[in-house]
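Asks:
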Amino acid sequence: MSDSRNDGHADDHLEDVPDGSGCTEIWEHLSERRDGDEDEETVEE
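Numbering (the working numbering), first residue to last: 184 to 228.
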């Protein structure tokens, strides 16, 4: 039986979050990534 959490790359977006990070650190990391994605879209236009 396979572990569904390890199928695919569903948690790749958390790869740079240090082990032991709390909710706030994770939220900040995701927010920074989202802001970076928006900046890239602006440059491409």
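Every residue, glycine too, gets a C-beta built ideally from N, C-alpha and C. A quick note: this is a predicted structure, and the numbers were derived from the prediction, not measured.
Pick out whichever of Asp-202, Leu-197 and Ala-193 has its Cα sitting closest to the Cα of Glu-215.
Replies: When each option's Cα is compared against that of Glu-215, the closest is Leu-197.
Asks: In angstroms, rounded to a whole number, what distance separates the CA positions of Asp-220 and Leu-213?
Replies: Approximately 11 Å between the Cα atoms of the pair.
Asks: Does Gly-205 come out as helix, strand or coil in the three-state DSSP assignment?
Replies: In this structure, Gly-205 counts as coil in the three-state DSSP scheme.
Asks: Residues in the same chain with beta-carbon distance under 8 Å from Ile-209, minus the five sequence neighbours each way, listed in chain order, please.
Replies: Result list for Ile-209: Leu-197 and Val-200, in chain order.
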